[in-house]
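Numbering (the numbering used here), first residue to last: 1 to 190.
First up is the structure itself, then whatever we jot down about it.
Written out as structure tokens, the structure reads:
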């Protein structure tokens, strides 16, 4: 089995829980995507990483690692899923078309918060995930989390314009896979 020479670079990104996206503005990342996308490379990398207990997964124009989870890790992931649901709900309230390829600036969002009570309420709801009080601080912390987890990237430092990466589809897919049975839907939690 011959793995590509970029295997160490691929591992360095994916082992941090980050994604390798096809639409990344960072050329080295989009080049890594092209390397993994090659069917033979993908198969070789899949086998190689499986031997060290990582599963190379292919999403819709992105790659990531998954690993077998024990119960404690699963509970932590469920808590993280709730956080992501709140974050996605906020951005979809801002603009329903907020998805892969979408471009925005924090200043646009902050202006909109001043005239949109629902959006402001959703941002207030994100306080619990950020330990911040001011709207700009809450938004900055959420954006940093999205950048660190490679769901968005700063595309233009001068205008502070961000681009949503293809890995954002992972979060959208996560929410779509949540199935609430009909008999539980109308129950009020205690």
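Note that beta-carbon positions come from the ideal geometry of N, C-alpha and C, so glycine has one too.
Please read these numbers as outputs of a predicted model, since none were measured by experiment.
Cβ neighbour criterion (16 or more within 10 Å) applied to residue i
i, result
"residue 104", "buried"
"residue 154", "exposed"
"residue 82", "exposed"
"residue 169", "buried"
"residue 146", "buried"
"residue 171", "buried"
"residue 10", "buried"
"residue 109", "buried"
"residue 149", "buried"
"residue 66", "exposed"
"residue 190", "Because the pLDDT at residue 190 is just 47, under 50, the model does not fix this residue reliably, and the point stays unresolved."
"residue 22", "buried"
"residue 32", "buried"
"residue 158", "exposed"
Identified DSSP bridge partners for residue i
i, result
"residue 163", "103 and 153"
"residue 65", "56"
"residue 21", "62"
Residue i, enclosing alpha helix (DSSP H) - first and last residue
i, result
"residue 140", "135–148"
"residue 11", "7–14"
"residue 46", "39–50"
"residue 132", "Residue 132 -> no alpha helix (DSSP H), and no H or E assigned at all."
"residue 176", "168–176"
"residue 124", "117–125"
Straight-line Cα distance separating residue j from residue i
i, j, result
"residue 112", "residue 87", "16 Å"
"residue 76", "residue 28", "32 Å"
"residue 107", "residue 134", "14 Å"
"residue 122", "residue 15", "32 Å"
"residue 8", "residue 114", "46 Å"
"residue 20", "residue 98", "20 Å"
"residue 92", "residue 2", "43 Å"
"residue 127", "residue 142", "10 Å"
"residue 156", "residue 177", "33 Å"
"residue 136", "residue 166", "25 Å"
"residue 175", "residue 46", "26 Å"
"residue 41", "residue 138", "41 Å"
"residue 124", "residue 89", "12 Å"
"residue 68", "residue 119", "37 Å"
"residue 63", "residue 5", "17 Å"
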